[in-house]
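Peer 1: According to the numbering used here, the sequence shown holds residues 87 to 298 in order.
Just so it is clear, CB atoms sit at the ideal spot from N, CA and C, and this is done for glycine as well.
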Amino acid sequence: MKEQTKTVLKVAVATVAWCAVHSLFASRKAKQTVKEAAGEDFYRRFYRPFYNLQSVGTLLLLGSYTRKLPDTSLFKTEGKTADLIRIGQGISIAYFAWGVYHVKQSRLSGIQDMIAKKPQEQEGQGPTLTPDGTLDISGAYRHSRHALNFAAIPPIWLFPRMGSKHATFNVIATIYFWLGSLHEEKRQREAYGEQYERYRKSGVPFFFPRRR
87 MKEQTKTVLK
97 VAVATVAWCA
107 VHSLFASRKA
117 KQTVKEAAGE
127 DFYRRFYRPF
137 YNLQSVGTLL
147 LLGSYTRKLP
157 DTSLFKTEGK
167 TADLIRIGQG
177 ISIAYFAWGV
187 YHVKQSRLSG
197 IQDMIAKKPQ
207 EQEGQGPTLT
217 PDGTLDISGA
227 YRHSRHALNF
237 AAIPPIWLFP
247 RMGSKHATFN
257 VIATIYFWLG
267 SLHEEKRQRE
277 AYGEQYERYR
287 KSGVPFFFPR
297 RR
């Protein structure tokens with residue numbers, strides 16, 4: 087039990103550190119520093135790809151570290167129950183892909199702005215502006231104002247088997263996605279003003295999707 091507790095604490099600290107790094111590079115202060123050092127055009131073209139690469143890279147480092155730690159099985163399902171869980175995971179991944187599609191994969195990856203003649207700056211990963219300057223609230227964003235943050239949660243929980251390391255990461259990541267959505271809501275309201283306020287009051291849920 088003592089060894090398991092140590093493992094949980096180590097995974098928790100490492101995951102919180104990953105969240106902190108992720109938040110640091112997402113902060114306006116970090117973005118402003120890059121703008122001042124390298125210029126607006128450089129920032130708009132290359133910050134998003136860099137941000138994505140560091141997110142993946144630090145996540146791989148986290149996985150490499152926690153993989154070496156001892157684990158304790160919490161549950162293991164087999165047969166039809168395991169199949170149902172895998173189906174649920176597949177559906178949740180499809181929902182996530184649907185959300186990504188509606189913010190344009192090229193914009194989310196940063197490719198669109200890297201090759202654009204005049205790259206644009208968007209606020210976070212919520213609804214984007216259409217060419218005529220209105221918010222695009224189609225697709226998954228008709229059902230949740232923070233569709234991508236929500237959609238990232240079910241795939242990490244829906245596993246037929248789970249150990250203490252996986253569960254620890256999941257709990258912290260889930261809290262992080264929720265808190266990140268609260269922060270993102272504030273940034274979206276500041277960036278898009280009355281348009282986002284109308285969207286917020288339209289009945290679209292903050293986080294958990296609801297069919298409309």
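Distance check for His229 and Asn235, CA to CA, integer angstroms please.
Peer 2: Locating residue 235 in the sequence shown gives position 149, where the first residue counts as 1. Locating residue 229 in the sequence shown gives position 143, where the first residue counts as 1. Each residue's Cα considered, the two are about 13 Å apart.
Peer 1: In whole angstroms, what is the alpha-carbon distance linking Trp264 and Val102?
Peer 2: Counting from one through the sequence shown, the residue named residue 264 turns up at place 178. Counting from one through the sequence shown, the residue named residue 102 turns up at place 16. Their backbone Cα atoms lie some 14 Å apart in a straight line.
Peer 1: Once you ignore the five residues that flank Phe111 on each side, which residues in its own chain have a CB closer than 7 Å to its CB?
Peer 2: As a first step, residue 111 must be located in the sequence shown, where it is residue number 25. Closer than 7 Å at Cβ, skipping near neighbours: Tyr137 and Gln140.
Peer 1: Taking all protein chains shown into account, do 16 or more other C-beta atoms lie within 10 angstroms of the C-beta of Val99, making it buried, or fewer, making it exposed?
Peer 2: Translated into the one-based positions of the sequence shown, residue 99 becomes position 13. The residue in question, Val99, is exposed, as its Cβ has fewer than 16 Cβ neighbours within 10 Å.
Peer 1: Using the C-alpha atoms, what's the distance from Gly225 back to Gln175?
Peer 2: Locating residue 175 in the sequence shown gives position 89, counting from the first residue. Locating residue 225 in the sequence shown gives position 139, counting from the first residue. One C-alpha to the other measures close to 20 Å.
Peer 1: Going by C-alpha distance, which of Tyr285, Arg134 and Gln90 is nearest Thr152?
Peer 2: The residue labelled residue 152 in the question sits at position 66 within the sequence shown. Of the listed residues, the one whose Cα sits closest to Thr152 is Gln90.
Peer 1: Within a Cβ cutoff of 6 Å, which residues of the same chain sit near Pro295, ignoring the five residues on either side of it in sequence?
Peer 2: Here the question's residue 295 lines up with position 209 in the sequence shown. For Pro295, where only same-chain residues beyond five positions count, the Cβ hits under 6 Å are His229 and Ser230.
Peer 1: Consult DSSP for Lys251 and reduce its assignment to one of helix, strand or coil.
Peer 2: In the sequence shown, residue 251 corresponds to position 165, counting from 1. Residue state, collapsed to three classes: helix.
Peer 1: With 16 as the cutoff for other CB atoms within 10 Å, does Val186 come out buried or exposed?
Peer 2: For the purposes of this step, residue 186 is identified with residue 100 of the sequence shown, where counting begins at 1. By the 10 Å Cβ count, Val186 comes out buried.
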